[in-house]
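Below you'll find the structure, written out as structure tokens, and then a few comments.
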Amino acid sequence: MRSYAAALLLVSAAPLHAAPEAVLSPEDRAAIMAMANQAERFALSSPPREQIDALLDQAFAEAVGAAWSCRPVKAGADRTTRLAQLESCAAKSGAGEAGFAARFNKAFLARLDGESAVLAETDFAAMPADGEPGDASIKAQIQGSTLLISMPGLSQQTEAQLGTELSRAPSGHQRIILDLRGNQGGLLDQITRIAALFVPPGPGFIVQGPHDVREAQLVPLASSAHDYKTPLIVLVDSTTASGAEMLASILQERGRATIAGTRTEGHGTIHTLLNLRRDRYLKLVTGQMLRASGNPIQTTGINPDVSFTNVAPAQWVEAAAKEVPLPVRATNR
162 MRSYAAALLL VSAAPLHAAP EAVLSPEDRA AIMAMANQAE RFALSSPPRE QIDALLDQAF
222 AEAVGAAWSC RPVKAGADRT TRLAQLESCA AKSGAGEAGF AARFNKAFLA RLDGESAVLA
282 ETDFAAMPAD GEPGDASIKA QIQGSTLLIS MPGLSQQTEA QLGTELSRAP SGHQRIILDL
342 RGNQGGLLDQ ITRIAALFVP PGPGFIVQGP HDVREAQLVP LASSAHDYKT PLIVLVDSTT
402 ASGAEMLASI LQERGRATIA GTRTEGHGTI HTLLNLRRDR YLKLVTGQML RASGNPIQTT
462 GINPDVSFTN VAPAQWVEAA AKEVPLPVRA TNR
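For what it's worth, the working numbering labels the leading residue of the sequence shown as 162, then goes sequentially.
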């Protein structure tokens with residue numbers, strides 16, 4: 162069970178058997194966790210400046226100096242100077258790691274300094290819905306009259322991969338089964354991009370951030386060059402979380418898909434990352450996702466239309482193909 166109290170975490174991307182150089186001392190880590198434990202839901206309190214100055218200077222010296230190959234931010238520089246340096250590094254480095262991290266750093270700085278910072282739409286779309294995106298390579302196969310698509314995550318290329326698999330699949334299949342079991346989410350913009358392949362433009366979901374970063378807003382579904390009409394069944398279970406839950410929710414609420422399986426994990430938080438080195442970063446909770454109706458998925462999860470509680474997981478695909486009623490395709494909802 163995840164906890165909102167652990168809103169700010171030090172994460173290492175290095176293998177467990179490795180011993181990378183520590184970026185933050187034990188005292189620094191303790192200070193960070195103390196800040197997180199005192200935080201209110203979805204909003205970090207503003208700690209005394211003396212508690213964060215050293216952390217901020219060190220983090221940005223690491224991120225800008227080591228990871229981005231830009232000159233380090235001068236210790237003690239004010240927030241405006243730091244943001245300008247970050248934007249400069251992002252521009253020099255293009256749309257890669259630096260540009261990705263700069264957006265999160267902007268929000269991170271605003272939170273620590275207790276000042277307001279509004280992220281642009283493109284900035285917010287790139288925020289991970291559940292930490293860093295993992296391997297999200299799609300696998301598709303034809304099983305009888307069913308096109309089975311396994312989607313393990315929501316990375317930058319997921320929507321494009323899905324579109325490719327849908328386009329090149331042989332004609333004649335009666336249903337698409339989208340398997341989201343084990344999918345822990347990923348990038349927010351992939352939720353709406355993937356949903357747009359199946360439903361017309363309309364309400365998507367609501368993003369609710371802390372008051373000092375972004376207010377709640379409706380994220381709409383844009384139009385897509387494709388609108389696949391084949392009946393859709395989505396498989397979910399207790400390991401389906403975050404962005405994957407929201408994707409299933411959109412398809413369910415729009416009447417486009419029948420959801421089969423068991424209740425999802427119920428993890429609707431949004432995380433942002435602060436790069437320290439290439440293998441280390443800070444992760445903090447900065448918001449939550451709500452259904453277009455305003456109902457949360459945090460703790461409640463998504464309830465399936467057809468329960469597979471008494472069906473062995475290995476038999477879910479077969480059961481879905483034989484027993485799950487095909488949904489009626491939505492048109493204007």
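Glycine included, every Cβ here is placed at the ideal spot set by N, Cα and C.
Burial state of N464 is exposed, judged by a 10 Å Cβ sphere holding fewer than 16 other Cβ atoms.
At a Cβ-Cβ threshold of 8 Å, L358 and H334 do not count as neighbours. Where G324 is concerned, there is no enclosing beta strand (DSSP E), although the alpha helix (DSSP H) around it starts and stops at T319 to R329.
According to the DSSP secondary-structure assignment, I431 is paired through a beta bridge with G448.
Annotated three-state conformation of V360 is coil, per DSSP. Within the DSSP secondary-structure output, D340 pairs in a beta bridge with S311 and L396. Counting only runs that start and end inside the stretch 459-490, the alpha helix (DSSP H) elements of at least 4 residues fall at 477-484. Setting aside the 5 residues that flank it on each side, G462 is surrounded in the same chain by E406, R424, T425, E426 and G427, each with a C-beta closer than 7 Å to its C-beta; the list follows chain order. Around the beta carbon of N456, fewer than 16 other beta carbons sit within 10 angstroms, so the residue counts as exposed. Of the candidates T419, A418, G363 and A402, G363 places its Cα closest to the Cα of S454. Comparing alpha carbon positions, the residue from R329, L341 and D466 closest to T400 is L341. Three or more Cβ pairs drawn from the stretch 389-397 and the stretch 407-421 lie within less than 8 Å of each other, which places the two stretches in contact. Going by beta carbons, L323 and I299 fall inside the 8 Å limit. Rounded to whole angstroms, Q476 and T242 show a C-alpha spacing of 58 Å.
Residues of the same chain with a CB within less than 6 Å of the CB of G422, apart from the 5 flanking positions on each side, are L396, V397, D398, P465 and F469 in chain order. Judged by DSSP secondary structure, A421 falls within the beta strand (DSSP E) whose first and last residues are A418 to G422. By the CB criterion at 8 Å, P331 and I310 fall outside the cutoff.
In the DSSP assignment, A405 falls within the unbroken alpha helix (DSSP H) covering G404 to E414. Between P361 and the set I411, I337 and A481, the nearest pair of CA atoms involves I411. Rounded to whole angstroms, the gap between the alpha carbons of L408 and I355 is 8 Å.
Judged by DSSP secondary structure, Q304 falls within the beta strand (DSSP E) whose first and last residues are K300 to Q304. For a cut-off of 8 Å, the C-beta gap from G429 to Q351 is around 16 Å, too long to register as a contact.
By the criterion of a C-beta distance shorter than 7 Å, R329 is surrounded by no residue of its chain, once the five residues flanking it on both sides are discounted.
The beta carbon of V485 is closer than 7 Å to those of I394, T419, A421 and V467 in its chain, skipping five residues each way along the sequence.
With fewer than 16 other Cβ atoms from the protein chains shown falling within 10 Å of its own Cβ, N471 counts as exposed. Within the DSSP bridge table, the entry for G347 names L315 as partners. Measuring C-alpha to C-alpha distances from A482 to each of A473, I337, Q413 and G346 identifies I337 as the nearest. Between the alpha carbons of L339 and M312 lies a gap of roughly 7 Å.
Beta bridge pairing from DSSP links Q369 with Q449. Taking the CA atoms as reference points, Q449 sits about 31 Å from E326.
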